[in-house]
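Chemist: Shown below is the structure under consideration.
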Amino acid sequence: MRRPLQTALLVLTGIGLLRVALFTDLYLRYVKEGMRPLLIASGVLLILLGVADAVAYGRRRGRDDHTDHGGGHDHGHHHSGASRAAWLLFLPALSLLLYAPPALGAYTASREPTKAITHQDDFDPLPATSPLPITLSDFIRRVQQDHTLAIKDRTVRMTGFVTSGKRGGGWYLTRIVISCCAADAQSVTVRIYGATAPAADTWVAVTGTWHPGGALGTGSAPAALDARAVEKVAKPANSYTDALPLASTR
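The working numbering applies: residue 1 is where the sequence shown begins, and numbers increase by one.
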């Protein structure tokens, strides 16, 4: 790769990182919120490295031109044309500046492993609020691990995006959760019955009660909900968390 091309790639990548991490919330499509300072620092470092490299290259070219002046030496054979693969490295850098790939959604959720729900022995009493705001993970934990059966007949409200069922009989309310970045994404899903499925990737709030099956409070109980209401909600800026329900858009 030609030296000027290397320099330009460093600077463009640095500017792209600063754009998504410093001036927008687009970085949340790729990494956790806590990674923002590291992205900003990386962007600044890449720009400084690019500028330093450009200055060093310019000084060396100046010395070479002075040495070779009138000497007839040709150093052109040291600079082979930049390979096609090298030029392709510009595409990710330019994408940060011109086009940010969308956040992961239904397509990814249908292919990523299901996130393991952590085990819990003791559960606090559920608030008397109805409908009860609850995360997908907490709902699954209550259904499959809470021996007090506190979730039985309770009306709950959860939010997530829509994914289609592989077989008939329902669709899924889904959240994608990441530990560090989008590369380690895992999905949390609750099957929905009793309501027509909105379009895939639509963010919705679903209100309903546990869909009976198996033995409540054990692993045989399905993580499923009989829906009474489905409302469209705004997509959260940080969509890679299993958070409490969002406000309705209407």
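A virtual CB, placed ideally from N, CA and C, is assigned to each residue, including glycine. Note that the structure is a prediction, hence the values are computed from the model and not measured.
1) Whose C-alpha, out of Leu46, Ile151 and Tyr99, is nearest the C-alpha of Asp124?
2) For Thr163, which of Gly58, Thr196, His147 and Ile134 has the nearest alpha-carbon?
3) Given this structure, state the Cα-to-Cα distance separating Ala109 from Val230, to the nearest angstrom.
4) Could you tell me the distance, in whole angstroms, from the CA atom of Pro101 to the CA atom of Phe139?
5) In whole angstroms, what is the alpha-carbon distance linking Pro37 and Leu17?
6) Can at least three beta-carbon pairs, one atom from the region 119-137 and one from the region 18-35, be found at a separation below 8 Å?
7) Any beta carbon of chain B sitting closer than 8 Å to that of Val233?
8) Taking only three categories from DSSP, how would you classify Pro133?
9) Pick out whichever of Gly58, His211 and Thr202 has its Cα sitting closest to the Cα of Glu194.
10) Less than 8 Å between C-beta atoms, sequence neighbours within five positions excluded: which residues of the same chain meet that for Ala237?
11) Quick one: Cα of Leu126 to Cα of Ala182, how far?
12) Whole angstroms are fine: how far does the CA of Ile134 sit from the CA of Thr7?
Modeler: Reading off the structure:
1) Ile151
2) Thr196
3) 20 Å
4) C-alpha separation (whole angstroms): 31 Å.
5) 11 Å
6) no
7) No chain B appears in this structure, which consists of one protein chain only.
8) strand
9) In the sequence as presented, Glu is not what sits at residue 194; that position holds Gly. Of the listed residues, the one whose Cα sits closest to Gly194 is His211.
10) Contacts found: Asp25 and Leu28.
11) 33 Å
12) About 50 Å.
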